[in-house]
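Trainee: Pasting in a structure now, in structure tokens, and then I'll have a few things to ask.
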Amino acid sequence: MSNSANTSSQQQIVPQSSFQEDRLDFIAWALACVKIDARRVGEQLTIELPEADQSSFGGQRTVTVTRTADERFTEWLTVKIAAKEKPLHARPGKQPLSVNDLVAPLFDAYTVDGGQIHLGGCQLTDHPFLRLTFPVDAKTVCHVFVAPDGSTVEDELARELGLDETSPVTDLPPRIDEMAFQTLRGAGLRIAAKASSSRDPEATVVDPLAAAVVWIRHADGQLEFTIGDSSATHHFSSWARLLAPQPYVTRFSGTSTFHLAATDDGRIDAADQIATCEHSGRRVLAEDLIECAVTGQRVLPEFTEVCPVTGRASLRGEFVTCATCQQRVSKASLVNRAAPELKCLACSQLHKVGKEDPRLVWIFGEHPGLDRWGRWQLAETESAYIAQGSSLTKRILVVIDKETLDVRRLASAGILSPGWTDVSEPAQEELLR
Numbered sequence: 001m002s003n004s005a006n007t008s009s010q011q012q013i014v015p016q017s018s019f020q021e022d023r024l025d026f027i028a029w030a031l032a033c034v035k036i037d038a039r040r041v042g043e044q045l046t047i048e049l050p051e052a053d054q055s056s057f058g059g060q061r062t063v064t065v066t067r068t069a070d071e072r073f074t075e076w077l078t079v080k081i082a083a084k085e086k087p088l089h090a091r092p093g094k095q096p097l098s099v100n101d102l103v104a105p106l107f108d109a110y111t112v113d114g115g116q117i118h119l120g121g122c123q124l125t126d127h128p129f130l131r132l133t134f135p136v137d138a139k140t141v142c143h144v145f146v147a148p149d150g151s152t153v154e155d156e157l158a159r160e161l162g163l164d165e166t167s168p169v170t171d172l173p174p175r176i177d178e179m180a181f182q183t184l185r186g187a188g189l190r191i192a193a194k195a196s197s198s199r200d201p202e203a204t205v206v207d208p209l210a211a212a213v214v215w216i217r218h219a220d221g222q223l224e225f226t227i228g229d230s231s232a233t234h235h236f237s238s239w240a241r242l243l244a245p246q247p248y249v250t251r252f253s254g255t256s257t258f259h260l261a262a263t264d265d266g267r268i269d270a271a272d273q274i275a276t277c278e279h280s281g282r283r284v285l286a287e288d289l290i291e292c293a294v295t296g297q298r299v300l301p302e303f304t305e306v307c308p309v310t311g312r313a314s315l316r317g318e319f320v321t322c323a324t325c326q327q328r329v330s331k332a333s334l335v336n337r338a339a340p341e342l343k344c345l346a347c348s349q350l351h352k353v354g355k356e357d358p359r360l361v362w363i364f365g366e367h368p369g370l371d372r373w374g375r376w377q378l379a380e381t382e383s384a385y386i387a388q389g390s391s392l393t394k395r396i397l398v399v400i401d402k403e404t405l406d407v408r409r410l411a412s413a414g415i416l417s418p419g420w421t422d423v424s425e426p427a428q429e430e431l432l433r
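Structure follows, in structure tokens:
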């Protein structure tokens, strides 16, 4: 440990650093590393000397130093640090050290309806960062930080990890072998040299006052959410000091949430993604429900069917038979639900078509007798063609299955008659041939 920058044929400069510290505070920190008490009053630091060291200072029990510590004190402290034969060790002041310190904030962040949360396992691992301390001037020192992989630690991360606010570890610090320490130290010196040469390519960096291993804890584990017989796990991995609750991304809806619940069939998901089927009362994923076109209720598809006219689903109890095409249709497809004869939108919206219409050509090919009729109108649903033709005195209605071209209904009426009369089977053959 030296009091000022060494001089040589090359200019030596201090590496640039955002992290500076009062020199007296650093001396007090270094003394604490070797278990020597010191107290600061104003611009002076009073040190309680161990009995074995009092002879070095003329038998004094205490010694008072200022920022510009004399050479004798500087040499003595350097020897004390070197006598440890091990690196200095430190930890951030506000770093969680136990699993219990970590999990309480995590547990508080989540709500599990009808269930519980517990720790499914957690491992805390110490990682060695390096702090190199350099003299800036008589009043100040600066620090350069090195990550475990030998890279530079960005200023923001250094502050977040608490590398700039450490406390000495004097009893049973984590172990780091000499080769690993020297590798880190070498990386730190290269980083410091690079920071110095950016200002003066010919300059070299001053020798560090001290090198300390700062132990940063990393947490890896998982939370387990349990509701009934169902469970879900949520992994976490972070520097212990930076560990913060993260939303759980659900398996089924993909929602990020801190509030979990379960469906009746045991699927754990975000509470706001679970809803009740208004027909059965079952708790299911909201995305599993569809809207009934008649009632507007959110229900499970298994209780519905699709209307061939509208293509929309409705509860099975909300279907009726159209008086014209005789298809089973949703009440939402009716022209007038209060009318004596219920008629669907398809039957009320027939459009004029010519005999060259591909649909009529297809129908006439299967039932050539229909080609004798004229003035055709046509509509279609998802499963049927509804066609109406006429002559001078009569009208004919034919409902044809789209897939098979089978006749579902064949009826006739007078040209002015409002209703339809089904054609008997013998008469159907004559009309269709």
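Those letters in the sequence shown? Residues 1 to 433, per UniProt numbering, in order.
Backbone N, C-alpha and C fix where the C-beta goes; we use that ideal spot for every residue, glycine too.
Values in this document were obtained by computation on a predicted structure and should not be read as measured data.
1. Exposed or buried, which one is Ala232 when buried takes at least 16 other CB atoms within 10 Å?
2. Where Thr295 and Ala323 are concerned, what is the direct C-alpha to C-alpha distance, given to the nearest angstrom?
3. I need the straight-line Cα distance from Leu88 to Ile27, nearest angstrom please.
4. To the nearest angstrom, how far is it from the Cα of Ser314 to the Cα of Thr276?
5. Measuring CA to CA, which of Cys325, Gln326, Pro128, Asp220 is closest to Met179?
6. When DSSP builds the beta bridges, which residues end up paired with His127?
7. Excluding the 5 residues preceding and the 5 following Ala109 in the sequence, name in chain order all residues of the same chain whose CB lies nearer than 7 Å to its CB.
8. Near Val14, which residues of its chain fall below 8 Å by C-beta distance, leaving aside the five closest residues on each side in sequence?
9. Quick test of the definition: if touching needs 3 or more C-beta pairs under 8 Å, does the stretch 302-311 touch the stretch 328-348?
10. Is there contact between the stretch 93-108 and the stretch 175-190, where contact requires at least three CB pairs shorter than 8 Å?
11. Would you call the stretch 140-156 and the stretch 29-49 in contact, with 3 or more CB pairs under 8 Å?
12. Here's a check: name, in chain order, each residue in its chain whose Cβ is nearer than 8 Å to the Cβ of Ser8, leaving out the five neighbours to either side.
13. Take every Cβ of the stretch 71-84, pair it with every Cβ of the stretch 158-176, and state whether three or more of those distances are shorter than 8 Å.
14. Which stretch, first to last residue, makes up the alpha helix (DSSP H) that contains Lys80?
15. Hey, Thr140 and Asp269: beta-carbon distance below 8 Å or not?
16. Given Cys325, which residues of its chain have a CB within under 6 Å of its CB, disregarding the five upstream and five downstream residues?
17. Along the chain, where does the beta strand (DSSP E) containing Pro168 start, and where does it finish?
18. Which residue spans inside the stretch 259-305 form an unbroken alpha helix (DSSP H) run of at least 4?
19. Measure the alpha-carbon distance for Ala411 versus Thr421 and round it to whole angstroms.
20. Met1: buried (16+ other C-beta within 10 angstroms of its C-beta) or exposed?
21. Please determine if the stretch 392-409 and the stretch 360-372 are in contact, where contact requires at least 3 C-beta pairs separated by less than 8 Å.
22. Is Leu416 helix, strand or coil by DSSP?
23. Where does Val63 sit, in a helix, a strand or coil, going by DSSP?
24. Could you tell me whether the stretch 158-166 touches the stretch 34-49, using the rule of 3 or more Cβ pairs below 8 Å?
25. Counting only the same chain and skipping the five closest in sequence on each side, list residues whose C-beta sits under 6 Å from that of Leu431.
26. How is Thr321 classed by DSSP in three states: helix, strand or coil?
27. Please say whether Asp220 and Gln123 have beta carbons closer to each other than 8 Å?
28. Would Val153 pass as an interface residue toward chain D - the criterion being a Cβ-Cβ separation below 8 Å?
29. Taking a contact to mean a Cβ-Cβ separation below 8 Å, would you say Ile227 touches Gly114 in this structure?
30. With DSSP run on the structure shown, which of helix, strand or coil describes Lys194?
31. Tell me Gly374's beta-bridge partners as DSSP assigns them.
32. Roughly how many whole angstroms lie between the Cα atoms of Cys292 and Val299?
33. Label Val423 either buried or exposed according to how many other C-beta atoms from any shown protein chain fall within 10 Å of its C-beta, with 16 as the threshold for buried.
34. Using 8 Å for Cβ pairs, my map puts Thr78 next to Gln44. What's the rounded Cβ distance?
35. Please classify Ile191: is it buried, with 16 or more other beta-carbons within 10 angstroms of its beta-carbon, or exposed?
36. If Phe252 sits next to Leu209, beta carbons under 8 Å apart, how far is it from one beta carbon to the other, in whole angstroms?
Mentor: Taking the geometry as given:
1. The residue you call residue 232 lines up with position 232 of the sequence shown. Its Cβ being crowded by 16 or more others within 10 Å, Ala232 is buried.
2. As a working mapping, residue 295 is identified with position 295 in the sequence shown. As a working mapping, residue 323 is identified with position 323 in the sequence shown. Roughly 22 Å separates the two Cα atoms.
3. Taking the first residue of the sequence shown as position 1, residue 88 is located at position 88. Taking the first residue of the sequence shown as position 1, residue 27 is located at position 27. Going by the C-alpha atoms only, they are around 13 Å apart.
4. Residue mapping note: residue 314 aligns to position 314 of the sequence shown, counting from 1. Residue mapping note: residue 276 aligns to position 276 of the sequence shown, counting from 1. Answer to the nearest angstrom: the Cα atoms are 17 Å apart.
5. Taking the sequence shown and counting its residues from 1, one reaches residue 179 at position 179. Of Cys325, Gln326, Pro128, Asp220, the residue nearest in Cα terms is Pro128.
6. Translated into the one-based positions of the sequence shown, residue 127 becomes position 127. Paired residue(s): Ile216.
7. For this step, residue 109 is matched to residue 109 along the sequence shown. Cβ within range, chain order: Pro245, Phe258.
8. One-based indexing of the sequence shown puts residue 14 at position 14. Correct list, in chain order: Ala5, Phe134, Pro135, Val136, Cys142, Ser196, Val205, Val206.
9. yes
10. Touching, no.
11. no
12. Looking up residue 8 in the sequence shown gives position 8. In this prediction, Ser8 has a pLDDT of 41, which is less than 50 and means its spatial position is unreliable; nothing more can be read from the coordinates.
13. Per the Cβ contact rule, the stretch 71-84 is not in contact with the stretch 158-176 (fewer than 3 Cβ pairs under 8 Å).
14. The sequence position of residue 80 within the sequence shown is 80, counting from 1. Where Lys80 is concerned, the enclosing alpha helix (DSSP H) stretches over 71-83.
15. The residue labelled residue 140 in the question sits at position 140 within the sequence shown. The residue labelled residue 269 in the question sits at position 269 within the sequence shown. No.
16. Locating residue 325 in the sequence shown gives position 325, where the first residue counts as 1. Around Cys325: Cys347, Ile386, Val399.
17. Within the sequence shown, residue 168 is the residue found at index 168, counting from 1. Segment 166-168, the beta strand (DSSP E) holding Pro168.
18. none
19. Position 411 of the sequence shown, counted from the first residue, corresponds to residue 411. Position 421 of the sequence shown, counted from the first residue, corresponds to residue 421. Their backbone Cα atoms lie some 5 Å apart in a straight line.
20. In the sequence shown, residue 1 corresponds to position 1, counting from 1. With a pLDDT of only 49 at Met1, under 50, the local geometry of the prediction cannot be trusted, and the value read off the model is given with reservation. Looking at its Cβ environment, which holds 16 or more other Cβ atoms inside 10 Å, Met1 is buried.
21. yes
22. Here residue 416 is taken as the residue at index 416 of the sequence shown, counted from 1. Here Leu416 sits in coil by DSSP.
23. Residue mapping note: residue 63 aligns to position 63 of the sequence shown, counting from 1. In this structure, Val63 counts as strand in the three-state DSSP scheme.
24. no
25. The residue given as residue 431 occupies position 431 in the sequence shown. Excluding sequence positions up to five before and after Leu431, its CB lies within less than 6 Å of the CB of Gly369, all in the same chain and listed in chain order.
26. One-based indexing of the sequence shown puts residue 321 at position 321. The answer is strand: DSSP assigns Thr321 an E or B state.
27. Along the sequence shown, read from residue 1 onward, the residue named residue 123 stands at position 123. Along the sequence shown, read from residue 1 onward, the residue named residue 220 stands at position 220. Yes, these two residues count as a Cβ contact at 8 Å.
28. No chain D is present in this structure, which holds just one protein chain.
29. Taking the sequence shown and counting its residues from 1, one reaches residue 227 at position 227. Taking the sequence shown and counting its residues from 1, one reaches residue 114 at position 114. It is a contact, given that the beta carbons lie within the stated cut-off.
30. In the sequence shown, residue 194 corresponds to position 194, counting from 1. DSSP places Lys194 in helix when its eight states are reduced to three.
31. Indexing the sequence shown from 1 puts residue 374 at position 374. DSSP lists Ser390 as partners of Gly374.
32. As a working note, residue 292 is residue 292 in the sequence shown. As a working note, residue 299 is residue 299 in the sequence shown. Their Cα atoms are separated by approximately 7 Å.
33. Stepping through the sequence shown from its first residue, residue 423 is reached at position 423. Looking at its Cβ environment, which holds 16 or more other Cβ atoms inside 10 Å, Val423 is buried.
34. For the purposes of this step, residue 78 is taken as residue 78 along the sequence shown, with counting starting at 1. For the purposes of this step, residue 44 is taken as residue 44 along the sequence shown, with counting starting at 1. Not confirmed; about 21 Å, so no contact.
35. To locate residue 191, count along the sequence shown from 1; it is residue 191. Burial call: buried.
36. Working through the sequence shown from its first residue, we reach residue 252 at position 252. Working through the sequence shown from its first residue, we reach residue 209 at position 209. Not confirmed; about 58 Å, so no contact.
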